[in-house]
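A short worksheet on the structure shown next.
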Amino acid sequence: MRWLKILHTTPERQAGRWPATLAVGDPHVLRPDGPVRRPAYAPGDPMLVYLAGTYRCPALLRVLADPAFDPDQDRWGWRTRVAVTAAVPVAEAPTVDELGIDRRSLGRHSRLRLDASTYARAARRLDAA
52 MRWLKILHTT PERQAGRWPA TLAVGDPHVL RPDGPVRRPA YAPGDPMLVY
102 LAGTYRCPAL LRVLADPAFD PDQDRWGWRT RVAVTAAVPV AEAPTVDELG
152 IDRRSLGRHS RLRLDASTYA RAARRLDAA
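Numbered by our numbering, the letters in the sequence shown go through residues 52 to 180 in order.
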């Protein structure tokens, strides 16, 4: 499955500087029997990063491990290890409009499924940069 992962921007991400690996977070809900709302990511899944508020997609990631719950995280308890496979400065990144992603779908989500053609279009743009 291919994903659009919404992340918040940092000066490093704005400049296109990403670590080789990192953990992305997703929200959780704690119930008496444990955390719920586990992301459906699987090792090997590709992700396109959308930086919230920029309308740009500056990086491609690959999921390295299944999501794991971190009880020390207040809001983004589901943590997923990923590898950065391509990244460009935000100013050079394709916009969601250029990739054919409806801005209204971004809303308050932390992740969305992407179809193969949209992901391929993004991969071509980021690999060519």
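Ideal Cβ placement from N, Cα and C applies to all residues, glycine included.
Near residue i, what residues of its chain come up, given a Cβ to Cβ distance below 7 Å and the 5 sequence neighbours on each side ignored?
i      : result
Val139 : Gly67, Pro109, Leu177, Ala180
Ser161 : Ile57, Asp77, Pro78
Thr169 : Leu150, Gly151, Ile152
Here's the rule I'm using: 16 or more other beta-carbon atoms within 10 Å means buried, otherwise exposed. How should residue i be labelled?
i      : result
Arg64  : buried
Thr131 : buried
His79  : buried
Gly128 : buried
Ala144 : buried
Ala173 : buried
Ala137 : buried
Glu62  : A small fix is needed here, since residue 62 is Pro in this sequence, not Glu. Flag for Pro62 reads exposed.
Pro118 : buried
Within the same chain, show all residues whose beta-carbon is closer than 8 Å to that of residue i, passing over the 5 residues directly before and after it, in chain order.
i      : result
Arg88  : Asp77, Pro78, His79, Val80, Trp129
Ala71  : Ala134, Val135
Ala116 : Pro94, Thr131, Arg132
For residue i, I'd like the list of residues in its chain whose CB is within less than 6 Å of its CB, leaving aside the five on either flank, ordered along the chain.
i      : result
Ala74  : Arg130, Arg132
Tyr101 : Leu55, Ile57, Cys108
DSSP has residue i in a bridge; who is on the other side?
i      : result
Ala119 : Arg130
Leu55  : Leu99, Leu163
Inside the region 60-116 only - alpha helix (DSSP H) runs reaching at least 4 residues: Counting only runs of 4 or more, we get 62-65.
Touching by the beta-carbon criterion (3+ pairs, under 8 Å), the region 149-160 and the region 77-97: With a cut-off of 8 Å, the region 77-97 and the region 149-160 do not count as touching, because too few Cβ pairs lie within range.
Completely contained beta strand (DSSP E) runs for the region 122-169, where each covers 3 or more residues: Every beta strand (DSSP E) of 3 residues or more that sits fully in the region 122-169 is shown, in chain order, as 129-138, 162-165.
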